[in-house]
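For reference, the structure is listed below as structure tokens.
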Amino acid sequence: MLNLTPRYTGTRIDELPTALQPLAAQSFTLARLYAGRGIVQPDELETGLAGLLPAEMLHGVTEAVRLLDVAIDKGQRILIVGDFDCDGATSTALMMRALTKMGADVNFLVPDRFKYGYGLTPEIVELGIETYQPQVIVTVDNGISSHEGVARAQAEGIIVIITDHHLTTKQVPPAEAVVNPNQIDCDFSSKALVGVGVAFYVLGRLAKLRREAGKSTVQVSQYLDLVALGTIADVGVLDKNNRILVHHGLNAIRQGRCCIGILALLEQAGRDPKQLHAQDFGFVLGPRINAAGRMDNMRIGIECLLTDDWGSAQRLAHELEQLNRNRRQVEGEMRNQADSIVEQLAGSNESDNNAVDGSNKVDDSNDSILVDKTTSQPVAANDQLNSQRSIVLYQDNWHQGVIGIVAGRLKESHYRPSIVFAPADTQNTSDDDAIKGSARSIAGVHIRDAIEQVAEQNPALISHFGGHAMAAGLTLKRSNFESFVTAFNEVMAQLDAEVFAEQKFTDGALQACDFSLYFADNLADASIWGHGFAPPIFDGVFEVLSFKILKDKHLKLSLRYPDVQYPIDAIYFNYDSAAWDYRAEQVHILFELGINEWNGKQSLQLMVKDLAVISA
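Numbering (numbering that gives the first Met the number 0), first residue to last: 0 to 615.
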């Protein structure tokens with residue numbers, strides 16, 4: 000049997016929170032799902048825009064809005080400086096669309112990650128001055144750590160407004176206004192806004208101010224498609240506030256009330272907007288927008304979100320599709336190399352801890368996996384228990400545009416905090432040159448705080464860093480790589496061992512009546528599911544009627560469940576077919592409830608996430 004942790008253990012209606020008991024009379028399964036996600040009051044499930052937290056709670060928003068209002072009235076040149084990911088792209092597009100409608104003189108600039116790196120750097124300020132001669136700079140999805148960039152802009156008499164959501168434990172730059180729910184002095188009760196959410200709040204407050212003054216304004220809620228896309232793509236925690244934003248943005252796209260660039264991207268992906276779900280923002284739209292920043296320049300992605308011409312939207316969406324295919328190829332090659340390194344290291348750890356390549360050394364002081372900076376060959380290092388608490392990889396020929404994705408895949412497959420480094424410039428890989436790392440983490444390991452701890456204990460080690468609990472970025476000299484690994488693992492060693500044991504959660508067993516297209520369809524729209532409001536996942540013991548191995552790597556099953564009068568299809572993608580027992584009569588599976596569409600017909604399908612054969 001699988002070892003699973005139930006999200007909710009109640010088995011009777013009267014054990015549910017009082018607010019959920021009326022719902023349980025209609026669907027006990029749905030009531031259990033909500034209870035398992037901490038819902039105790041009916042209003043926590045409301046999706047009306049009136050339920051959004053008030054903008055006035057955001058520290059700095061009043062001054063930011065005042066400065067923007069004056070800039071619009073005086074015709075001052077405003078420059079939006081964004082980030083090169085999907086959150087940055089949607090934030091920039093939102094600012095451009097809304098401010099333009101209000102009558103602003105506004106342009107945008109997004110740093111080329113391969114030339115300028117992240118944030119409002121002095122170099123980006125200088126490029127902005129040279130290109131646009133701004134009088135006001137507004138950052139979106141960045142800026143909270145950009146002290147030098149702010150100083151450079153202010154030296155030229157430029158007003159700086161920072162809008163960001165990244166974490167900081169230090170004093171913010173002395174910009175004229177700083178809006179960030181995660182800054183030290185902010186009492187905004189949701190800390191889960193992503194960059195585009197912060198931009199939405201600033202613009203909404205600005206629009207209200209101008210409306211009350213009888214000035215040119217705009218209904219900012221018409222751009223919630225951008226807010227929804229950026230929120231899910233940036234893996235924002237889906238608290239009530241974010242669920243409301245995403246709910247309305249999702250509905251707008253389903254009804255065709257959205258940027259035509261989003262419709263063009265869905266066309267490229269072969270997806271029907273009317274059938275869109277919240278998770279599609281992260282798996283379908285987000286990667287295509289992100290491909291611009293990863294492989295080329297995010298300007299293509301932003302222009303796709305800004306154009307109102309269908310032909311231009313299709314052309315730009317096609318460019319993004321090609322970039323995404325290129326990204327997949329590069330990512331696939333790097334993932335294969337990374338997996339090979341980890342597999343070799345696992346083998347070497349089992350045989351006297353010898354390194355894979357005899358020319359390399361083993362450093363027993365660390366319990367991580369790393370790659371030697373000189374030879375670009377794998378080097379293993381492990382603790383006395385022969386278990387790794389992190390995976391840290393670097394090679395000279397890796398592409399910095401996809402290191403975050405590779406780190407995420409490693410984290411998922413090995414359940415360890417993973418950091419993947421690549422050269423800042425593949426033409427410069429000497430010891431004094433910079434390498435950039437992208438980190439992805441597991442529950443219980445706040446990756447940004449862990450990196451900050453390393454930086455505080457080793458002030459000369461890390462050049463720049465920033466991020467969130469689950470994802471972060473950092474830059475250091477190539478010569479500092481091994482020292483960083485040592486310091487990082489000292490921080491990991493301070494954590495309880497239980498943190499590194501993956502818990503697999505379940506929402507329990509389904510009732511027989513739940514195995515239906517009707518329930519599966521209702522379940523998908525029962526909430527905005529995602530990070531922080533986990534998608535429903537169930538488990539159960541099934542009788543195996545038949546099985547097939549597809550393409551040597553997918554397991555397709557036909558199953559029977561008690562009191563269900565028809566066979567139930569299930570599929571386990573990327574299953575290790577060598578582990579399958581062809582004599583299996585019963586299986587315990589962990590699964591998501593899905594709908595398979597084939598030749599215009601729909602059928603219920605279980606998406607298997609884990610499986611154990613039950614011995615006879």
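Cβ coordinates follow ideal geometry from the N, Cα and C atoms, glycine included.
Quick caveat, the model's predicted, so the values are computed rather than measured.
Check: Sequence-distant residues of the same chain with beta carbon closer than 6 Å to A97, five excluded per side; Outcome: L202, V217 and V219
Check: V137 versus A152 - alpha carbon distance; Outcome: 11 Å
Check: Chain-order list of residues whose beta-carbon lies under 6 Å from that of V370 (same chain, five-residue window excluded); Outcome: With a pLDDT of only 49 at V370, under 50, the local geometry of the prediction cannot be trusted, and the value read off the model is given with reservation. Only P377, L392, Y393 and Q394 meet the Cβ criterion.
Check: Coil, strand or helix - S350 by DSSP; Outcome: Low local confidence applies: a pLDDT of 42 at S350 is under 50, so the model's placement there is unreliable, and no value is given.
Check: Which residues DSSP lists as bridging G539, in chain order; Outcome: I588
Check: Enclosing beta strand (DSSP E) for H617 [first to last residue]; Outcome: Lying outside 0 to 615, the shown extent of the chain, residue 617 is not represented and no answer is given.
Check: L577 - partner residues in DSSP beta bridges; Outcome: The displayed chain sequence assigns Ala, not Leu, to residue 577. A577 is not bridged to any residue.
Check: Cβ contact (3+ pairs, closer than 8 Å) linking the stretch 430 to 447 and the stretch 482 to 500; Outcome: yes
Check: Secondary structure, alpha helix (DSSP H): runs of 4+ residues fully inside the stretch 250 to 299; Outcome: 259 to 268 and 285 to 294
Check: Cβ contact check for the stretch 257 to 272 and the stretch 304 to 315: 3 or more pairs under 8 Å; Outcome: yes
Check: Any 3 or more C-beta pairs closer than 8 Å across the stretch 49 to 61 and the stretch 26 to 34; Outcome: no
Check: N-terminal and C-terminal residue of the beta strand (DSSP E) that V60 is part of; Outcome: No beta strand (DSSP E) holds V60; the alpha helix (DSSP H) holding it covers V60 to K73.
Check: Contact set for L52: own chain, Cβ-Cβ below 8 Å, skip 5 residues either direction; Outcome: F187, S188, S189 and N240
Check: Exposure of I183, with buried meaning 16 or more beta-carbon neighbours within 10 Å; Outcome: exposed
Check: R324 burial status per 10 Å Cβ neighbour count (16 or more: buried); Outcome: exposed
Check: CA nearest to the CA of L166, picked from P566, L315, S145 and Y560; Outcome: S145
Check: Nearest candidate by alpha-carbon position, reference L265, set L237, C303 and H247; Outcome: C303
Check: Coarse secondary structure for P121, derived from DSSP in three states; Outcome: helix
Check: Whole-angstrom distance between G127 and L108, CA atom to CA atom; Outcome: 7 Å
Check: One or two residues paired with F107 in a DSSP bridge; Outcome: I79
Check: Expected contact under 8 Å - CB spacing of Q585 and I594 to nearest Å; Outcome: Not a contact, Cβ separation roughly 25 Å.
Check: Reduced DSSP secondary structure (H/G/I, E/B, other) of H246; Outcome: helix
Check: Cβ-Cβ separation, V419 to G436 (assumed contact under 8 Å), whole Å; Outcome: 7 Å
Check: Segment contact flag, the stretch 469 to 479 with the stretch 422 to 431, C-beta cutoff 8 Å, min 3 pairs; Outcome: yes
Check: DSSP-derived helix/strand/coil call for S311; Outcome: helix
Check: Per-residue burial, D156 [other beta carbons within 10 Å of its own, 16 or more giving buried]; Outcome: The amino acid at residue 156 is misidentified as Asp; the sequence shows Gly. Label assigned to G156: exposed.
Check: Assumed close pair A569, I548 - CB separation to whole angstroms, cut-off 8 Å; Outcome: With a Cβ gap of about 14 Å, A569 and I548 do not count as contacting.
Check: Inter-residue spacing [alpha-carbon to alpha-carbon] between Q20 and G407; Outcome: 39 Å
Check: Exposed unless 16 or more other CB atoms sit within 10 angstroms - verdict on C512; Outcome: exposed
Check: Reduced DSSP secondary structure (H/G/I, E/B, other) of Q182; Outcome: coil
Check: Span of the beta strand (DSSP E), counted from its first residue to its last, around R559; Outcome: H553 to R559
Check: N-terminal and C-terminal residue of the alpha helix (DSSP H) that M491 is part of; Outcome: F480 to M491
Check: Whole-Å CB distance - I243 paired with G281, under 8 Å assumed; Outcome: Not a contact, Cβ separation roughly 18 Å.
Check: Other residues of its chain near A277: CB distance less than 7 Å, five sequence neighbours each side excluded; Outcome: I231, V245, L249, I527, W528 and G529
Check: Cross-strand partners of K600 (DSSP beta bridge); Outcome: W597
Check: Counted within 10 angstroms of its Cβ, other Cβ atoms place S350 as buried (16 or more) or exposed; Outcome: Residue confidence for S350 is low, a pLDDT of 42 falling below 50, so the modelled location carries little weight; the figure read from the coordinates is stated next. Counting Cβ neighbours within 10 Å, S350 comes out exposed, since fewer than 16 surround it.
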